[in-house]
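Have a look at the structure below, then the notes.
Residue numbers (the numbering used here), protein chains in the order written: chain A, 1 to 768; chain B, 1 to 490.
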């Protein structure tokens, strides 16, 4: 692994996850593992039996009289406001008059055991004057409901440019949603305190928002509510806004009963109650030249948003921001509709709309290549952003677009793309039933929240008198290795080994007003805030050391647990002790806000992103044209993490993201029936990748070049971009289908299940 | 009659005189013992976060199995040693598997990790060395990880599972075996009372007797289905009769012409004998559920519960198997296809026990093929499962037995198509194609979350077509993974 020669030993090193030993021994504590105080009560939810309609009767007598039941809570019992939405007031904590999706929570049962609560919750009689639900995108297009206004980047030149283009294609791409399937389901444990105080252990990516919402439902000021999260058993966006409702219900139950109350969803309830990745229908008209260069693109994105807005604004905007992916679109018009349906409210999911925006464009490029009979990689390269062709549809130039081509060409070489394409052509020529396909696709992903105010973070660092360090920041740990990365940064500031830094649970009473740990920004934001806090303390310590050594503070060096200057040295711990005796504060907050972010959504001007992260993947698949079965045979990945803070952690994010994207685009299919009932609500019916879905031949490498922007230690964010590397698999499947009848653009929907692949094969054969 | 449950846990014999018959092993661990290292991910035996190991005596030695604690009823661990994640680093020394998982960065969020470590721990003791990637995929077929993408876990497993077994469990195996041997005895167990009990008869006579006296009792085999009645339907089962200790139901007998598999033979244990009949049966068993499900689930339980898509039934029907039943002193048997009456309804009377299945071996001139089509290769329920036995006579099909799962409310034969294929020449693809059209008469499949009716129809025809192509000896590759490749590739 290349190393930054300037760095001290702790950053840029492949150190294990801080909790690795706790994980493998079963000692890592998740919310449900916290010892329960005597008298702890358990909550289960009563769910609406219909997807849409007015609640005309709610008979809970049998629930109340069931064994073990302590109380039953409806929306009317909420002491504050019955609203668990992030902003808009469109999500009741418990539905009171209208139900808007099947299995919406209507009441909560509090009982002495979890089983008693679950049993009692099924005894409620919820009578609904049902209406025909609006379920699919087709339904929503017909009905016309929106959760938010339409939004478009209009372009008056597009129609003309389309008409002038040598070639044109028109089509629509169907893109499915995705369930997060974090292994630890939603859970909250609320402990009532004195007066108005409430302490909630919540498995959340956004403790501050949970705090606001708990305070809102309790009708108390924020300062009464403390939210803590040591770790989540996975988040992936599914605990950015979705944890709030369950924390709020637990807090209301604790408030009303005065006992600790825990709400842990059963997996099936988690599936039906929590939002998912938005599914899209993306219609396009594209005009291009003989080389396959796009001259104009008119793209219309329809997103199924569910019954409320939730985070849809940002999600669909990000789909727009990534509709260009790595390609210069001289004239582009991108319009979006945020469709309202009677389904659970879709939400953040790793990539936050980016994957859907990008997939549409990659499908368009494949279609162009197929139409022209050119290699799709050549068409992609011909369309790359390049100096002079570097302006995005939203006006921000891609200043570092010169990374794209060398990165892709290196992968083209190391993956032996050209030779393998020739081998595959030979294989296909002799194989009527099985066909192979290969694709190399790029990723360019914008880093920053597109909502400006979220690009801030705080940290709190203490040095104790024995020289041990306590670290806290607003970021949450969901497995991505944020805690260890930030600890590496802080240890580096003090010249200490990693073990000297104690990482403490994220807690709203330590660092307030934080944004969610999302948008891949965790290390960028919190790492910088923690660095600033640690440097503040180091400066004070350096001043004291300089006084003792008789040198300038700037000449004091912190390394290997020692503090040195003017030929003298003192152990870090001894200096800490000396500082305490000299009445020098060894505690500091740190605050960081990303510089230069200036997006104006209404005017469509400014710079929404601090920088871009790049990557590329080359995937080879084989399909069975009689059954639609598919196997990924090999994948090569080259991904840009800048100067990685921790290469092992980053490779974990890259491969994990790739496999999650693989699931989204292949086996993971959400099926709602016409009544709006989710039919795939457990792992028995919803299939995320298992070990055998991942090729034994998976080659991952880092593009190790410093971030040109002043991001933390010149690293780059890595959480989300790798998901989109899996588009190479989808494109490889299309390539294999294309081999059935070259020259005809492939019609493949996502996810490419065996059935979807067979349909595409049949269409290619002219059978459908 | 024993009135208590006995098993080994944390090095000591645990004896329980009363417990709720519906209590799952996971509930007991997490709620009663506060052993929270074992996690609940799905509560239906699909994600493996709750994987623990059970050591049992088999053929005179300790044998480890991974099981899903979430759907295993506590009573089912009688006579076993229960090993959980907390046992692995007793005394603060990490197990080689744990060490390798750390070194290879095999955990991210960590929630699936205890279950994965337990699956790998079992493989550390039981798997062939060195562990291949193909074998690893099978070892981990019942463990979902949403973070890592599995590559680092594969690296950890393959680096740790090579060379000699060297851990505290191996060092202590004689004492552990001795402790378990002391627990084995042949008496019936009944915990509870006449109206609510967990019973574990030790002999067939006791089983038949208690089943007759309590025709309303739930018969529990491996629990991979019944467990979900408890955890998902929230059924409160008053009377449970567990068949796991009944002597005489767990054997496999092989004669010149047939294979007889006892009802309580687990899928794991049945796999080698079935594999010897045909490579496609080995593949089918390899893809059946997961390691955890195959370690618990039984052949008899799978058939008795009558899943319309259970992969075993179509294969056995195509082979011409007969199912054997007993009620009190009455024994009867019937062709397996006659056992499945309609969706969820089998020809088993209250108090009647499935005792075994008899499978005729393939004769000279017979060819067998089976195809399982599902969204995911591993641990998935078939959209369509087809199994075919062709009796060939000088290049023509003398007889075809064609059985399908997922095409109707029950596993069923395609009789019209069978008739149409009889007498067809193998070198006459036009004649097959015409015969395949009769599948339309045989089945009217439904659309559901696994596949549309249209897809099922197309695939039912495609896999039979493939089987014929293969049997006819066509040159084209017909499978993504070769017939023997699922289990034996490295």
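All C-beta atoms, glycine included, are put in the ideal place defined by N, C-alpha and C.
Nearest Cα to residue 343/B within the set 303/B, 323/B, 356/B: 303/B. Under DSSP, residue 730/A shares a beta bridge with no residue. In the structure shown, residue 258/A falls within a coil segment according to DSSP collapsed to helix, strand and coil.
One thing to note: residue 350/A has its Cβ no nearer than 7 Å to the Cβ of residue 177/A. Within the segment 46-78 of chain A, the runs of beta strand (DSSP E) that reach at least 3 residues and sit entirely inside it are, in chain order, 53-59, 69-74. Contact between residue 296/A and residue 287/A holds, with the beta-carbon distance rounding to 4 Å and staying under 8 Å. Nearest to residue 104/A by C-alpha distance, out of 715/A, 307/A, 86/A, is 307/A. DSSP places residue 389/B in the uninterrupted beta strand (DSSP E) bounded by 384-393. In this structure the segment 642-656 of chain A does not touch the segment 314-333 of chain A; the number of beta carbon pairs closer than 8 Å is below three. Here residue 235/B is exposed: its Cβ has fewer than 16 other Cβ atoms, across all protein chains shown, within 10 Å. Using a CB distance cut-off of 7 Å, residue 696/A counts as an interface residue toward chain B. Among the CB atoms of chain B, one or more fall inside 7 Å of the CB of residue 755/A. In the three-state DSSP reduction, residue 336/B falls in the helix class (H, G or I). For residue 198/A, the beta-bridge partners assigned by DSSP are 192/A, 225/A. Residue 109/A is positioned such that its CB atom lies closer than 7 Å to that of residue 44/A. Within chain B, the C-beta atoms nearer than 7 Å to that of residue 21/A come from 102, in chain order. Using a Cβ-Cβ cut-off of 7 Å, residue 687/A is close to 375, 376, 380 of chain B, given in chain order. Around the beta carbon of residue 331/A, a 10 Å sphere encloses 16 or more other beta carbons of the protein chains shown; the residue is thus reported as buried. In the structure shown, residue 81/B adopts extended strand secondary structure according to DSSP, grouped into three states. When Cβ-Cβ separations below 7 Å define contact, residue 724/A makes no contact with chain B.
CA-to-CA, the gap between residue 615/A and residue 721/A works out to about 8 Å. Just so you know, the alpha carbons of residue 712/A and residue 527/A end up roughly 7 Å apart.
For chain B, the residues of the segment 661-685 of chain A that bring a beta carbon within less than 7 Å of one of its beta carbons are 667, 669, 671, 679, 680, 682, 683, 684, 685, in chain order.
Residue contact check for residue 624/A against chain B: a CB pair falls below 7 Å.
Ranked by Cα distance from residue 268/A, the first of 173/A, 184/A, 222/A is 184/A. Here residue 297/B really is in contact with residue 267/B; their C-beta atoms are around 5 Å apart, less than 8 Å. For residue 49/A, the closest Cβ of chain B is not nearer than 7 Å.
Contact note: residue 416/A does not reach chain B at a C-beta cutoff of 8 Å; the least C-beta distance is about 20 Å. With 16 or more other Cβ atoms inside 10 Å of its own Cβ, residue 750/A counts as buried.
Minimum Cα-Cα distance from residue 157/A among the listed residues 334/A, 745/A, 233/A, 683/A corresponds to 334/A. Comparing C-alpha distances from residue 62/B to each of 126/B, 30/B, 32/B shows the shortest one belongs to 126/B.
Residues of the same chain with a CB within less than 6 Å of the CB of residue 31/A, apart from the 5 flanking positions on each side, are 187, 189, 201, 203 in chain order.
Per DSSP, the unbroken alpha helix (DSSP H) holding residue 664/A starts and ends at 647-665. Within the segment 253-302 of chain B, the complete alpha helix (DSSP H) segments of 4 residues or longer fall at 267-277, 279-286, 291-296, listed in chain order.
Pairwise C-beta distances place the segment 596-615 of chain A in contact with the segment 449-458 of chain A, as three or more of them are shorter than 8 Å.
Beta-carbon to beta-carbon, residue 114/B and residue 39/B are separated by about 6 Å, close enough to satisfy the 8 Å threshold.
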